[in-house]
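Student: Before anything else, here's the structure in question.
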Amino acid sequence: MNTILCRCVVAVWLLTITAWAQAPQAPANLAPDARYKVDILVIVGHPDDDTEATTYLAKEIEQHHVRVALVYGTRGNSGGNAVGYEQSKALADEREMEARHSLATYGITNAWFLHGPDTPSEDVLHSLETWGHGESLEEVVRLVRLTRPEVILTWLPNYDDGENHSDHQAAGVLATEAFDLAGNPLAFSEQVAAPRDHFNVSNYGEGLRPWQPKKIYYFSDAIHSEFYKGNGPEYPSSDISPSRHVPYSKIGELAWGSYQTQGDYTPEQLKEVMETPVRFILGKSLVGGTPTGDVFEGVRPGAIPYHRASGYQPAARPPVSIELGGPWAFYRQLWQAHDIEHIGKLYAPETGVAPEEKLWVPILIHNDTDSIQQVTLNPALPAGWTAKPAAQIYSIAAHDTYPVSVWVLAPASAPKDAWVNLMWNAQSEGRDIGSVTLRGHVDREHMPQ
Ligand SMILES: [Zn+2]
17 MNTILCRCVV AVWLLTITAW AQAPQAPANL APDARYKVDI LVIVGHPDDD TEATTYLAKE
77 IEQHHVRVAL VYGTRGNSGG NAVGYEQSKA LADEREMEAR HSLATYGITN AWFLHGPDTP
137 SEDVLHSLET WGHGESLEEV VRLVRLTRPE VILTWLPNYD DGENHSDHQA AGVLATEAFD
197 LAGNPLAFSE QVAAPRDHFN VSNYGEGLRP WQPKKIYYFS DAIHSEFYKG NGPEYPSSDI
257 SPSRHVPYSK IGELAWGSYQ TQGDYTPEQL KEVMETPVRF ILGKSLVGGT PTGDVFEGVR
317 PGAIPYHRAS GYQPAARPPV SIELGGPWAF YRQLWQAHDI EHIGKLYAPE TGVAPEEKLW
377 VPILIHNDTD SIQQVTLNPA LPAGWTAKPA AQIYSIAAHD TYPVSVWVLA PASAPKDAWV
437 NLMWNAQSEG RDIGSVTLRG HVDREHMPQ
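Its first residue numbered 17, the sequence shown is counted upward by one per residue in this note's numbering.
Structure, rendered in structure tokens:
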């Protein structure tokens with residue numbers, strides 16, 4: 017070997033070692049802001065929706081030091097005011113404060129409010145439209161990344177016979193979507209870009225980290241609750257608070273007391289509502305466990321890897337086919353894309369309907385063939401019920417979908433509290449191509465559809 021070359025290599029190596037030894041230590045990496053870390057993030061539609069889970073949350077906070085924060089889709093700018101004239105934006109200013117005061121009574125201090133307008137409807141697509149679906153989702157994803165929840169609790173993303181407020185459903189949809197997006201750095205990437213100099217001005221990059229929540233659970237205000245059985249845990253409200261020496265149902269009543277503008281309940285009704293156990297339906301778990309196991313079953317501290325949901329897949333269907341449209345069609349796609357298809361199996365498509373009130377039934381006729389198709393749609397309704405249009409023939413272009421709006425009128429004589437099947441049969445070229453059925457529950461007050 018060339019002796020001079022060998023000495024040079026050794027000299028360079030020694031210089032490098034010296035430089036390493038002299039390099040200053042870089043500042044420690046900054047961790048996510050621990051003040052905002054939660055175990056449970058509750059995502060709901062309105063100020064006061066939180067009371068659906070208050071008795072459960074109050075016990076978890078007191079006995080297990082669980083950290084909880086809230087996201088509200090609206091600030092509650094609509095609805096009656098039980099104590100004053102304030103309405104609209106003034107009412108929203110009051111209701112945001114009512115929510116903060118209510119949460120504070122059992123130990124929750126962090127709550128964020130999106131800017132969705134209160135949208136009295138039963139069609140989730142209506143709320144998603146008025147809220148701004150994209151902007152609202154961006155904010156929910158941001159708050160999931162900021163609060164890094166182990167578990168998300170939210171409204172059931174489904175159309176039901178209950179209050180069925182579209183703002184509730186919209187909260188459930190956004191929470192479900194955010195669960196699957198917050199861990200993906202390509203979703204709202206600017207949120208997870210590191211700022212160039214966080215001490216200085218004119219930065220871009222929000223400096224958050226991607227975060228994959230571990231579980232999502234749903235709750236519902238459907239008038240029938242048998243679908244909870246076996247699908248999620250149930251928590252009684254009768255346990256006694258060690259520090260306050262009252263049942264958690266009483267703590268729930270006290271928390272409700274801050275919502276003075278709402279005024280929904282008599283004292284007797286409020287007591288009954290708060291004494292009802294809190295029931296959840298498991299949406300999905302990325303950490304195992306059983307549907308009826310505890311909310312925190314399988315949850316361990318620390319991050320888990322991003323889990324990619326199935327995403328949208330076109331449905332397999334016959335060449336010419338029909339299905340319920342509107343929110344029902346949307347939910348079928350949502351459940352498939354987010355791997356929660358069991359939600360669609362909890363109960364058949366349903367709605368509430370009042371006598372002498374028009375009910376909108378959207379039906380989609382799909383033509384996946386290469387030629388125009390004629391499809392006849394025939395209603396099959398209970399005696400006395402009418403549909404407009406009645407039987408009708410539709411021409412559907414190749415590879416097109418015809419969105420049919422049918423208006424059903426329930427007779428004044430419709431039996432109260434009865435369930436009826438509203439059915440449509442479709443034929444093409446003399447052959448049956450399928451049917452759709454919507455269950456209707458007669459005689460109840462409900463939101464404008
Ligand atoms: Zn509500």
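In this text, a Cβ means the ideal position worked out from N, Cα and C, and glycines have one as well. Small disclaimer: the values here were computed from a predicted structure and weren't measured.
For the segment 172-190 against the segment 236-244, are there 3 or more C-beta pairs whose distance is under 8 Å?
Tutor: Yes, since at least three Cβ pairs between the segment 172-190 and the segment 236-244 fall closer than 8 Å, the two stretches touch.
Student: Taking DSSP as the reference, what is the three-state secondary structure of Val167?
Tutor: Correct three-state label for Val167: strand.
Student: Across the segment 243-254 and the segment 291-299, are there enough close Cβ pairs to call them in contact, namely three or more that are closer than 8 Å?
Tutor: Flag = yes, the segment 243-254 and the segment 291-299 touch.
Student: At the level of alpha carbons, what is the spacing between Gln41 and Pro211?
Tutor: C-alpha separation (whole angstroms): 21 Å.
Student: Between which two residues does the beta strand (DSSP E) containing Gln389 stretch?
Tutor: Residues Gln389 to Ala396.
Student: Only counting the same chain, and skipping five residues up and downstream in sequence, which positions put a Cβ closer than 7 Å to that of Ala271?
Tutor: Around Ala271: Thr67, Thr70, Ser118, Thr121 and Tyr122.
Student: Express the C-alpha separation of Ala39 and Cys24 in angstroms, rounding to a whole number.
Tutor: Below a pLDDT of 50, predicted positions are generally treated as unreliable, and Cys24, at 49, falls in that range; the measurement from the model is reported next regardless. Approximately 23 Å between the Cα atoms of the pair.
Student: Exposed or buried, what is Lys300 when buried is set at 16 or more other beta-carbons lying within 10 Å of its beta-carbon?
Tutor: Classification for Lys300: buried.
Student: List the endpoints of the continuous alpha helix (DSSP H) containing Lys105.
Tutor: Its alpha helix (DSSP H) spans residues Ser104 to Ala120.
Student: With H, G and I counted as helix, E and B as strand and the rest as coil, what does DSSP make of Ala191?
Tutor: DSSP places Ala191 in helix when its eight states are reduced to three.
Student: Is the closest heavy atom of ligand 1 to the C-beta of His62 under 7 Å?
Tutor: It does: the Cβ of His62 is within 7 Å (strictly closer) of some heavy atom of ligand 1.
Student: Give me, in chain order, the residues of the same chain whose beta-carbon lies closer than 7 Å to that of Leu298; leave out the 5 immediate sequence neighbours on both sides.
Tutor: Cβ within range, chain order: Tyr233, Asn247, Gly248 and Pro307.
Student: Between Leu197 and the rest of its own chain, which residues show a CB-CB distance below 6 Å, the 5 nearest in sequence each way excluded?
Tutor: Taken in chain order, the residues that qualify are Val157 and Ala203.
Student: What is the DSSP secondary structure of Thr282, reduced to helix, strand or coil?
Tutor: Correct three-state label for Thr282: coil.
Student: Using beta-carbon positions only, say whether Thr417 and Leu380 come within less than 8 Å of one another.
Tutor: A contact, by the Cβ cut-off of 8 Å.
Student: Mind checking Pro263: buried by the 16 CB within 10 Å criterion, or exposed?
Tutor: Flag for Pro263 reads buried.
Student: Looking at the structure shown, is Met290 part of a helix, part of a strand, or coil, going by DSSP?
Tutor: Met290 falls in the helix class under three-state DSSP.
Student: Using beta-carbon positions only, say whether Val167 and Ile59 come within less than 8 Å of one another.
Tutor: No.
Student: Using DSSP with H/G/I as helix, E/B as strand and the rest coil, what is Glu250?
Tutor: Residue state, collapsed to three classes: strand.
Student: Once the 5 residues before and after Trp351 are set aside, which same chain residues still bring their CB inside 6 Å of it?
Tutor: These residues qualify, in order along the chain: Glu357, Ile359 and Gly360.
Student: Mind listing, in chain order, the continuous alpha helix (DSSP H) runs of no fewer than 4 residues lying wholly within the segment 306-379?
Tutor: Qualifying alpha helix (DSSP H) stretches, in chain order: 342-353.
Student: When you compare only the Cα positions, how much space is there between Leu438 and Lys245?
Tutor: For Leu438 and Lys245, the distance between alpha carbons rounds to 27 Å.
Student: Counting only the same chain and skipping the five closest in sequence on each side, list residues whose C-beta sits under 7 Å from that of Arg111.
Tutor: Taken in chain order, the residues that qualify are Pro63, Arg91, Gly92 and Thr277.
Student: What is the DSSP secondary structure of Leu159, reduced to helix, strand or coil?
Tutor: Helix.
Student: Can you list, in chain order, the residues of its chain whose CB lies under 6 Å from that of Lys404, leaving out five sequence neighbours each side?
Tutor: Cβ neighbours of Lys404 beyond the five flanking positions: Trp423.
Student: For Asp65, name the three-state secondary structure that DSSP assigns.
Tutor: Looking at Asp65 - three-state DSSP - the assignment turns out to be helix.
Student: Quick one: is His354 buried, meaning 16 or more other Cβ sit within 10 Å of its Cβ, or exposed?
Tutor: That one is buried.
Student: Using a Cβ-based criterion (distance less than 7 Å to any ligand heavy atom), does His462 qualify as near ligand 1?
Tutor: Result no, Cβ not under 7 Å from ligand 1.
Student: Roughly how many angstroms separate the alpha carbons of Ala332 and Arg164, rounded to a whole number?
Tutor: One C-alpha to the other measures close to 37 Å.
Student: Check whether the Cβ of Asp139 sits closer than 7 Å to any heavy atom of ligand 1, and report yes or no.
Tutor: No; taking the cut-off as 7 Å, the Cβ of Asp139 has no heavy atom of ligand 1 nearer than that.
Student: Can you tell me the Cβ-Cβ gap for Ile388 and Ile412, rounded? I've got them flagged as a contact below 8 Å.
Tutor: Ile388 to Ile412, Cβ: 7 Å. Contact.
Student: Residues in the same chain with beta-carbon distance under 7 Å from Pro427, minus the five sequence neighbours each way, listed in chain order, please.
Tutor: Answer for Pro427: Pro371, Gly400 and Trp401, listed in chain order.
Student: May I have the straight-line CA-CA distance separating Ala115 from Tyr275, to the nearest angstrom?
Tutor: Computed Cα separation, rounded: 7 Å.
Student: Alpha carbon to alpha carbon, how far is Gly456 from Gly327? Give it in angstroms, no decimals.
Tutor: So the alpha carbons of these two residues sit roughly 31 Å apart.
Student: So, helix, strand or coil for Thr417, using DSSP?
Tutor: In this structure, Thr417 counts as strand in the three-state DSSP scheme.
Student: Would you kindly check if the distance between the Cβ of Trp147 and the Cβ of Leu169 is under 8 Å?
Tutor: Their beta carbons are not under 8 Å apart, which means Leu169 does not touch Trp147 by this criterion.
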